[in-house]
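Colleague: Have a look at this one.
Protein chains: 2
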Amino acid sequence: MSRILITGSRGVVGTFLTKMLTERGHSVFGIGKHHAVGEVGWEHPMAKTEFTYARCDVADFRQLERVFEKAGPFDFVYHTAAEFGRWNGEDYYEQVWLTNAVGTKNIIRLQEKLKFKLIHFSSSEVYGDYQDVMKEYVMDFVEIKQMNDYAMSKWVNEMQIKNSTIQHGTETVVVRLFNTYGPGEWYHPYRSVNAKFCYHALHGLPVTVYKGHFRTSTYLEDTCRTLCNIVDNFKPGEAYNIGGTEYHDIEALANVIWKYTGADQKLITYQDSEILTTKSKKLDVSKAIADLDHKLTVSLEEGVKRTIDWMKDYYKLNK
Amino acid sequence: MSRILITGSRGVVGTFLTKMLTERGHSVFGIGKHHAVGEVGWEHPMAKTEFTYARCDVADFRQLERVFEKAGPFDFVYHTAAEFGRWNGEDYYEQVWLTNAVGTKNIIRLQEKLKFKLIHFSSSEVYGDYQDVMKEYVMDFVEIKQMNDYAMSKWVNEMQIKNSTIQHGTETVVVRLFNTYGPGEWYHPYRSVNAKFCYHALHGLPVTVYKGHFRTSTYLEDTCRTLCNIVDNFKPGEAYNIGGTEYHDIEALANVIWKYTGADQKLITYQDSEILTTKSKKLDVSKAIADLDHKLTVSLEEGVKRTIDWMKDYYKLNK
Numbered sequence: 001m002s003r004i005l006i007t008g009s010r011g012v013v014g015t016f017l018t019k020m021l022t023e024r025g026h027s028v029f030g031i032g033k034h035h036a037v038g039e040v041g042w043e044h045p046m047a048k049t050e051f052t053y054a055r056c057d058v059a060d061f062r063q064l065e066r067v068f069e070k071a072g073p074f075d076f077v078y079h080t081a082a083e084f085g086r087w088n089g090e091d092y093y094e095q096v097w098l099t100n101a102v103g104t105k106n107i108i109r110l111q112e113k114l115k116f117k118l119i120h121f122s123s124s125e126v127y128g129d130y131q132d133v134m135k136e137y138v139m140d141f142v143e144i145k146q147m148n149d150y151a152m153s154k155w156v157n158e159m160q161i162k163n164s165t166i167q168h169g170t171e172t173v174v175v176r177l178f179n180t181y182g183p184g185e186w187y188h189p190y191r192s193v194n195a196k197f198c199y200h201a202l203h204g205l206p207v208t209v210y211k212g213h214f215r216t217s218t219y220l221e222d223t224c225r226t227l228c229n230i231v232d233n234f235k236p237g238e239a240y241n242i243g244g245t246e247y248h249d250i251e252a253l254a255n256v257i258w259k260y261t262g263a264d265q266k267l268i269t270y271q272d273s274e275i276l277t278t279k280s281k282k283l284d285v286s287k288a289i290a291d292l293d294h295k296l297t298v299s300l301e302e303g304v305k306r307t308i309d310w311m312k313d314y315y316k317l318n319k
Numbered sequence: 320m321s322r323i324l325i326t327g328s329r330g331v332v333g334t335f336l337t338k339m340l341t342e343r344g345h346s347v348f349g350i351g352k353h354h355a356v357g358e359v360g361w362e363h364p365m366a367k368t369e370f371t372y373a374r375c376d377v378a379d380f381r382q383l384e385r386v387f388e389k390a391g392p393f394d395f396v397y398h399t400a401a402e403f404g405r406w407n408g409e410d411y412y413e414q415v416w417l418t419n420a421v422g423t424k425n426i427i428r429l430q431e432k433l434k435f436k437l438i439h440f441s442s443s444e445v446y447g448d449y450q451d452v453m454k455e456y457v458m459d460f461v462e463i464k465q466m467n468d469y470a471m472s473k474w475v476n477e478m479q480i481k482n483s484t485i486q487h488g489t490e491t492v493v494v495r496l497f498n499t500y501g502p503g504e505w506y507h508p509y510r511s512v513n514a515k516f517c518y519h520a521l522h523g524l525p526v527t528v529y530k531g532h533f534r535t536s537t538y539l540e541d542t543c544r545t546l547c548n549i550v551d552n553f554k555p556g557e558a559y560n561i562g563g564t565e566y567h568d569i570e571a572l573a574n575v576i577w578k579y580t581g582a583d584q585k586l587i588t589y590q591d592s593e594i595l596t597t598k599s600k601k602l603d604v605s606k607a608i609a610d611l612d613h614k615l616t617v618s619l620e621e622g623v624k625r626t627i628d629w630m631k632d633y634y635k636l637n638k
């Protein structure tokens, strides 16, 4: 059993990951940007129970170092904390560069000293508009220009990690997540397409469907099971695509959601391709299957239904 | 005659550029991070003379927007302001991401609104460890991984600019400077090799010469003349290498400096190649010659002598 730190432990993936790793018997400590129930009070502990969470902004080195000093040491760090999403990155680029570039460098600097094993959360966005099947190694051969600040920050992180490994021998596994969705993904306008469409359908809000944009979708539980497996077969220096294999366009996704919710078809506007966005994301997940026992157990249709059911409950839409 | 804003106008290149563009009859306004003589007092002007400088951190959007509102409009912006140097970037990565990534994005956002022409200062570091002759277009064909955060931030800037041009039609010229040196470059430990070696030789401080590292050097005046020419032949979307053509190793540079200063040979230690540093920088400057009348008028030997003479004076080493 390992001692594990999860950054961004109250995010959508972080929350599920915390639950799953804890259930597997690991000792899990989480950090996040906000105050929360169960949080440790560093100077004035309010209770003597076992704390498993601390407020900490990864972009603030002092706060991060304190977590390692007072709640560590850790064998593994799952670094999920990040400013997420391409339009979020364009609208909130200040936060993106601070949290993603400075925050990850802070983690790497501590890793160089403390020698924990790092699992870094990257994104399918690093592949830019690469048109062929996205295999993990294509960046070693093909020049890719990232199409937005969020994507750039994620690619910067991968290079920061590579350089630290060369110079300091740090041990890191990179996971590139593809469109993960599922219960727990509460709504805001920068969420990925699945959550957005479910919420809009349930609330009678309009959506724009960009034609010719192909994606895969991965159900949160499937993603997290694979992520948990990393500690049992940690191969430093590897990068893994974590994604689905059902290749669908955005229209098909909308159809599933509109059918299950019974929402008004008039809410949907169809448009041609969106600017600076990867049109097609075809990916290869064979490496994750081989090394991490990556399994896809929930179909898009089933996953979307569960997400909608959860959302109805979460937003109290059941009468 | 144009109205020109220079960010980082009190830096080594910025200072010389301000002087040269002013001499050519342009109306030049400068900004920099620090208070200085000649600075405007926004709320309480202390005098009624013509101000040509304001304190402004480009990473702070409010301060930057105020410059454009109160001292603009500008036809051209020379964006020289940046955290500079690869080891500076490793030791002060917080500043690098704020100033370089957020600061440049702030400028781009204002450019999208105000439509000025931007001259963005990039670096030879974006070429990573590319081994062949560095032509401006190699990044369109070859996958390059930048070897330090400073280099990454500079490449991020070039991608931010490209994406803004695609999405908003902004007009920008990118200049990639190669090892510019000369009088005016006061010493700190993160300076480029020419200034560092001159200062160390003059002060009896040791240096390490990495063998097999080849560079070109460009005398500041030659660099700035070419930079000034951009406003007369502004070709949006172009990138230019601005560098020298004399290809010398670091040992040859040390020899010139040690000979002219008469410093002790024992100050020099020879070592094999430095980690995460481009070994050889061979570049092609034919595009800058064709479009910008790039001329190299000062030899390495002559330029180094002038730099040493200036340094002796600046640091009061003449008895």
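Chains G and Z, in that order, give the protein sequences. First residue of the first sequence: 1, per our numbering; consecutive thereafter. First residue of the second sequence: 320, per our numbering; consecutive thereafter. A virtual CB, placed ideally from N, CA and C, is assigned to each residue, including glycine. Only a predicted model underlies this, so the values are computations on that prediction, with no experimental measurement involved.
I want to know whether the region 533–545 of chain Z touches the region 581–595 of chain Z - three or more CB-CB distances under 8 Å.
Modeller: No, the region 533–545 of chain Z does not touch the region 581–595 of chain Z.
Colleague: Should the region 86–106 of chain G be called in touch with the region 16–24 of chain G, which here means at least 3 C-beta pairs below 8 Å?
Modeller: No, the region 86–106 of chain G does not touch the region 16–24 of chain G.
Colleague: According to the neighbour-count rule (16 or more other Cβ atoms, all chains shown, within 10 Å of its Cβ), is Q111/G buried or exposed?
Modeller: Position 111 of the first sequence, counted from the first residue, corresponds to residue 111/G. Result: buried.
Colleague: Should Y412/Z be flagged as near chain G, meaning a C-beta pair shorter than 8 Å?
Modeller: Mapped onto the second sequence, residue 412/Z falls at position 93. At least one chain G Cβ lies under 8 Å of Y412/Z.
Colleague: Who are the neighbours of N498/Z on chain G, taking C-beta pairs under 8 Å?
Modeller: By 1-based counting over the second sequence, the position of residue 498/Z is 179. By Cβ distance, chain G contributes nothing, its closest Cβ being about 21 Å from N498/Z, past 8 Å.
Colleague: Pick from H613/Z, Y633/Z and K601/Z: whose alpha carbon is nearest that of Q450/Z?
Modeller: Reading the second sequence from its first residue, position 131 is the one you call residue 450/Z. With distances taken between Cα atoms, Q450/Z lies closest to K601/Z.
Colleague: Are E557/Z and L619/Z close, meaning C-beta to C-beta below 8 Å?
Modeller: In the second sequence, counting from the first residue as 1, residue 557/Z sits at position 238. In the second sequence, counting from the first residue as 1, residue 619/Z sits at position 300. Their beta carbons are not under 8 Å apart, which means E557/Z does not touch L619/Z by this criterion.
Colleague: Cα separation between H26/G and L118/G?
Modeller: Here residue 26/G corresponds to residue number 26 of the first sequence, with the count starting at 1. Here residue 118/G corresponds to residue number 118 of the first sequence, with the count starting at 1. Going from the Cα of H26/G to the Cα of L118/G covers about 16 Å.
Colleague: Do you know offhand how far W629/Z's Cα is from P502/Z's?
Modeller: The sequence position of residue 629/Z within the second sequence is 310, counting from 1. The sequence position of residue 502/Z within the second sequence is 183, counting from 1. Looking at the two C-alpha atoms, the distance is approximately 6 Å.
Colleague: Report yes if the C-beta distance between S122/G and N157/G is below 8 Å; otherwise report no.
Modeller: Taking the first residue of the first sequence as 1, we reach residue 122/G at position 122. Taking the first residue of the first sequence as 1, we reach residue 157/G at position 157. Yes.
Colleague: Does A290/G have its Cβ less than 8 Å from a Cβ in chain Z?
Modeller: Within the first sequence, numbered from 1, the residue matching residue 290/G stands at position 290. No - not a single Cβ of chain Z is within 8 Å of the one on A290/G.
Colleague: Please name the residue, chosen from L98/G, G72/G and A71/G, that lies closest to T81/G on a Cα-to-Cα basis.
Modeller: Taking the first sequence and counting its residues from 1, one reaches residue 81/G at position 81. Per the sequence shown, the amino acid found at residue 81/G is Ala instead of Thr. Of L98/G, G72/G and A71/G, the residue nearest in Cα terms is L98/G.
Colleague: Which residues, in order along the region 469–499 of chain Z, keep a beta-carbon less than 7 Å from a beta-carbon of chain G?
Modeller: Taking 7 Å as the Cβ-Cβ cut-off against chain G, the residues of the region 469–499 of chain Z that qualify are M471, V475, M478, Q479, K481, N482, I485 and Q486.
Colleague: Output needed in chain order: residues of the region 370–383 of chain Z with a Cβ under 9 Å from some Cβ in chain G.
Modeller: The region 370–383 of chain Z vs chain G, Cβ under 9 Å: A378 and F380.
Colleague: Consider the Cβ of A400/Z: report whether some Cβ of chain B lies at a distance smaller than 8 Å.
Modeller: Although the question refers to chain B, the structure presented lacks it and instead comprises the protein chains G and Z.
Colleague: Can you give the beta carbon distance from I31/G to V67/G, rounded, assuming they're within the 8 Å contact cut?
Modeller: As a working mapping, residue 31/G is identified with position 31 in the first sequence. As a working mapping, residue 67/G is identified with position 67 in the first sequence. Confirmed, about 6 Å.
Colleague: Could you tell me which residues DSSP pairs with T349/Z in its beta bridges?
Modeller: Counting from 1 along the second sequence, the entry for residue 349/Z is found at position 30. The amino acid at residue 349/Z is misidentified as Thr; the sequence shows Gly. In the DSSP output, where bridge partners are listed per residue, G349/Z has I325/Z and Y372/Z.
Colleague: Taking F76/G as part of the beta strand (DSSP E), name the residues at either end of that continuous run.
Modeller: In the first sequence, residue 76/G corresponds to position 76, counting from 1. Start and end: F76 to H79.
Colleague: Nearest to Q271/G by alpha carbon, out of K279/G, P236/G and V209/G?
Modeller: Counting from 1 along the first sequence, the entry for residue 271/G is found at position 271. Among K279/G, P236/G and V209/G, the Cα nearest to that of Q271/G belongs to V209/G.
Colleague: Quick one: complete alpha helix (DSSP H) runs, 4+ long, within the region 568–605 of chain Z?
Modeller: Listed in chain order, the complete alpha helix (DSSP H) runs (minimum 4 residues) inside the region 568–605 of chain Z are 569–580.
Colleague: Starting from K515/Z, follow the alpha helix (DSSP H) in both directions and report where the run begins and ends.
Modeller: Here residue 515/Z refers to the residue found at position 196 when the second sequence is read from its first residue. From DSSP, the alpha helix (DSSP H) with K515/Z extends over V512 to H522.
Colleague: From A390/Z to N425/Z, what distance separates their C-alpha atoms?
Modeller: On the second sequence, residue 390/Z is found 71 positions in, with the first residue counted as 1. On the second sequence, residue 425/Z is found 106 positions in, with the first residue counted as 1. Taking the straight line joining both Cα atoms gives about 17 Å.
Colleague: Does the beta-carbon distance from V304/G to N179/G come in below 8 Å?
Modeller: The residue you call residue 304/G lines up with position 304 of the first sequence. The residue you call residue 179/G lines up with position 179 of the first sequence. The answer is no: Cβ separation not under 8 Å.
Colleague: Taking only the alpha-carbon atoms, compute the straight-line gap between V256/G and T484/Z and give it to the nearest angstrom.
Modeller: Start at 1 with the first residue of the first sequence, and residue 256/G comes out as number 256. Start at 1 with the first residue of the second sequence, and residue 484/Z comes out as number 165. Taking the straight line joining both Cα atoms gives about 37 Å.
Colleague: Excluding the 5 residues flanking F29/G on each side, which residues of the same chain have their C-beta closer than 6 Å to its C-beta?
Modeller: As a position in the first sequence, residue 29/G is number 29, starting the count at 1. Excluding sequence neighbours, F29/G sits near L5, T52 and A71.
Colleague: Would you call Y538/Z buried or exposed, if buried means 16 or more other Cβ atoms sit within 10 Å of its Cβ?
Modeller: Here residue 538/Z refers to the residue found at position 219 of the second sequence. Buried, since its Cβ has 16 or more Cβ neighbours within 10 Å.
Colleague: Got a sec? Which residues, its chain only, sit under 7 Å from T261/G by beta carbon, not counting five neighbours each side?
Modeller: To locate residue 261/G, count along the first sequence from 1; it is residue 261. These residues qualify, in order along the chain: A201, L202 and I308.
Colleague: Run through chain G and tell me which residues come within less than 8 Å of W361/Z, C-beta to C-beta.
Modeller: Here residue 361/Z corresponds to residue number 42 of the second sequence, with the count starting at 1. The premise fails here: W361/Z is roughly 22 Å from chain G at the closest Cβ pair, so nothing lies under 8 Å.
Colleague: Hey, how far is the Cα of V35/G from the Cα of G41/G?
Modeller: Within the first sequence, numbered from 1, the residue matching residue 35/G stands at position 35. Within the first sequence, numbered from 1, the residue matching residue 41/G stands at position 41. Rather than Val, the amino acid found at residue 35/G in this sequence is His. Taking the straight line joining both Cα atoms gives about 10 Å.
Colleague: Find out if the Cβ-Cβ distance for the pair D149/G, V96/G is shorter than 8 Å.
Modeller: The count along the first sequence starts at 1 and reaches residue 149/G at position 149. The count along the first sequence starts at 1 and reaches residue 96/G at position 96. In contact: D149/G and V96/G (Cβ atoms closer than 8 Å).
Colleague: Out of D603/Z, S536/Z, N552/Z and I549/Z, state which residue places its alpha-carbon closest to the alpha-carbon of A571/Z.
Modeller: In the second sequence, residue 571/Z corresponds to position 252, counting from 1. Comparing Cα-Cα distances from A571/Z to each of D603/Z, S536/Z, N552/Z and I549/Z, the minimum goes to S536/Z.
Colleague: I'd like the span of the beta strand (DSSP E) that includes R24/G, first residue to last.
Modeller: The residue you call residue 24/G lines up with position 24 of the first sequence. It is not in any beta strand (DSSP E) - R24/G carries neither H nor E in the DSSP assignment.
Colleague: Just the C-alpha distance for Q382/Z and I549/Z, rounded to the nearest angstrom, thanks.
Modeller: As a working note, residue 382/Z is residue 63 in the second sequence. As a working note, residue 549/Z is residue 230 in the second sequence. If you take the alpha carbons of Q382/Z and I549/Z, they lie about 27 Å apart.
Colleague: Would you say Q450/Z reaches chain G, if we count a Cβ-Cβ gap shorter than 8 Å as a contact?
Modeller: Counting from one through the second sequence, the residue named residue 450/Z turns up at place 131. Closer than 8 Å: no.
Colleague: Tell whether a beta-carbon distance below 8 Å holds between S592/Z and G531/Z.
Modeller: As a first step, residue 592/Z must be located in the second sequence, where it is residue number 273. As a first step, residue 531/Z must be located in the second sequence, where it is residue number 212. Taking 8 Å as the Cβ cut-off, S592/Z and G531/Z qualify as a contacting pair.
Colleague: Can you pull the chain Z neighbours of E274/G, defined as C-beta to C-beta under 9 Å?
Modeller: Numbered from 1 along the first sequence, position 274 holds the residue referred to as residue 274/G. Per Cβ cutoff of 9 Å: no residues; E274/G is ~11 Å from chain Z at best.
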